[in-house]
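Participant: Using full-length UniProt numbering, you'd call the opening residue of the sequence shown number 1 and step up by one each time.
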Amino acid sequence: LITSDRTAYLNKVDDEDTFKILIATDIHLGYLEKDPVRGNDTFVTFNEILEQAQKNEVDFVLLGGDLFHDNKPSRKTIHSCLESLRKYCMGDRPIHFEILSDQAVNFQYSKFPWVNYQDGNLNISIPIFSIHGNHDDPTGADALCALDILSCAGLVNHFGRSTSVEKIDISPILLRKGRTKIALYGLGKSIPDERLYRMFVNKQVTMLRPKEDEDSWFNLFVIHQNRYQY
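#1: Compute the Euclidean distance between the alpha carbons of residue 231 and residue 27, then round it to the nearest angstrom.
#2: If you measure between the beta carbons of residue 68 and residue 29, is that distance less than 8 angstroms?
#3: If I follow the unbroken alpha helix (DSSP H) through residue 78, where does it start and stop?
#4: Would you check if the stretch 39-54 and the stretch 130-147 touch, i.e. whether three or more CB-CB distances between them fall below 8 angstroms?
#5: Using C-beta distances below 6 angstroms, list every residue in its chain close to residue 133, excluding the 5 sequence neighbours before and after it, in chain order.
#6: Taking all protein chains shown into account, do 16 or more other C-beta atoms lie within 10 angstroms of the C-beta of residue 3, making it buried, or fewer, making it exposed?
#7: Quick one: give me the first and last residue of the beta strand (DSSP E) that residue 183 is part of.
#8: For my contact list, residue 110 and residue 151 are in at a C-beta cut-off of 8 angstroms; report their separation, rounded to the angstrom.
#9: Please state if the CB of residue 91 and the CB of residue 131 are separated by a distance shorter than 8 angstroms.
#10: Grab me the residues of residue 81's own chain with a C-beta within less than 6 angstroms of its C-beta, minus the 5 sequence neighbours each way, in chain order.
#11: What does DSSP give as the partner residues of residue 224 in its beta bridges?
#12: Residue 33 by DSSP, collapsed to three states: which one?
#13: State the start and end residues of the unbroken beta strand (DSSP E) segment that holds residue 60.
#14: Do residue 48 and residue 20 count as a contact pair if the criterion is CB distance below 8 angstroms?
#15: Could you spell out where the beta strand (DSSP E) holding residue 167 opens and where it closes?
#16: How long is the line joining the alpha carbons of residue 1 and residue 94, rounded to whole angstroms?
#17: What residues are listed by DSSP as bridge partners for residue 24?
#18: Residue 186 and residue 16: beta carbons closer than 8 angstroms?
#19: Taking C-beta to C-beta, are residue 176 and residue 97 nearer than 8 angstroms?
#20: Measuring only the C-alpha atoms, how far is residue 10 from residue 18?
#21: Provide the residue(s) that pair with residue 98 in DSSP beta bridges, ordered along the chain.
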């Protein structure tokens, strides 16, 4: 019993300082949705991902882009996505990490520039942070994408947007759980691969560091680009 109690205590202490993150990417919701055999594959996959997130009580889900296959997903695809997010990501389970950075900067392109689980009108049990990919990138005069719809609905935290093609300053989302701190950087796919490569080479992409205790942060960078020849 002593060993068992000690193990339980150590696990509890460990949980207080350990981020549990489920990472997924390129789900491509809606791919072959009209195919009589494979039409529901992407929707089933997304449900399985969120089910695992709920079952394992992760702190948050991190998506690496191309949640949708088409830039203008069908009503069926949007409806299925919203259904899954509402089923698995809403609830009363408490969130055990906090955001220390300026959310007005992190989510500056949102009409609601704060993380969804801090919205008093929403009950979020599993936050989702996502960048966009090349299949679901912002387009048009308003530079909107399908993720912006999910963000406006309060179901996804869309980050990593950049409108500049001359110089990019990436400001991280600063997360803290217990004694563990993560600086989460993101860059969605809005710039052609060749141009972004040159920007990195010419030092036109800057990763902004936390002002305090910058060496105490674990840095995580989420980027969606093709595996180009460079």
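By construction, the Cβ of each residue, glycine as well, lies at the ideal position given by its N, Cα and C atoms.
Facilitator: Straight from the coordinates:
#1: For the chain, the structure presents residues 1 to 230; residue 231 sits outside this window and is missing.
#2: In contact: residue 68 and residue 29 (Cβ atoms closer than 8 angstroms).
#3: Counting along the chain, the alpha helix (DSSP H) containing residue 78 begins and ends at 75-89.
#4: The stretch 130-147 vs the stretch 39-54: no contact.
#5: Within the same chain, residue 133 has close Cβ partners 65, 66, 189, 224.
#6: With a pLDDT of only 47 at residue 3, under 50, the local geometry of the prediction cannot be trusted, and no value is derived from it.
#7: Bounds of the beta strand (DSSP E) holding residue 183 are 180-187.
#8: About 5 angstroms separates the beta carbons of residue 110 and residue 151, which is inside the 8 angstroms limit, making them a contact pair.
#9: Between residue 131 and residue 91, the C-beta gap is not smaller than 8 angstroms, which leaves the two residues out of contact.
#10: Once the five neighbours on either side are set aside, the close Cβ partners of residue 81 are 29.
#11: In DSSP, residue 224 forms no bridge with anything.
#12: In the three-state DSSP reduction, residue 33 falls in the coil class, being neither helix nor strand.
#13: First-last of the beta strand (DSSP E) with residue 60: 60-63.
#14: By the CB criterion at 8 angstroms, residue 20 and residue 48 fall outside the cutoff.
#15: Taken as a continuous stretch (DSSP letters only), residue 167 belongs to no beta strand (DSSP E), as it is neither H nor E.
#16: Below a pLDDT of 50, predicted positions are generally treated as unreliable, and residue 1, at 37, falls in that range; the measurement from the model is reported next regardless. Using only the alpha carbons, I get a separation of about 29 angstroms.
#17: Residue 24 is bridged to 63.
#18: Going by C-beta atoms, residue 186 is not nearer than 8 angstroms to residue 16.
#19: A Cβ-Cβ contact shorter than 8 angstroms links residue 176 with residue 97.
#20: Here residue 10 scores only 49 on pLDDT, less than 50, and its place in the model is too uncertain to base an answer on.
#21: According to DSSP, which records beta bridges pairwise, residue 98 is partnered with 176.
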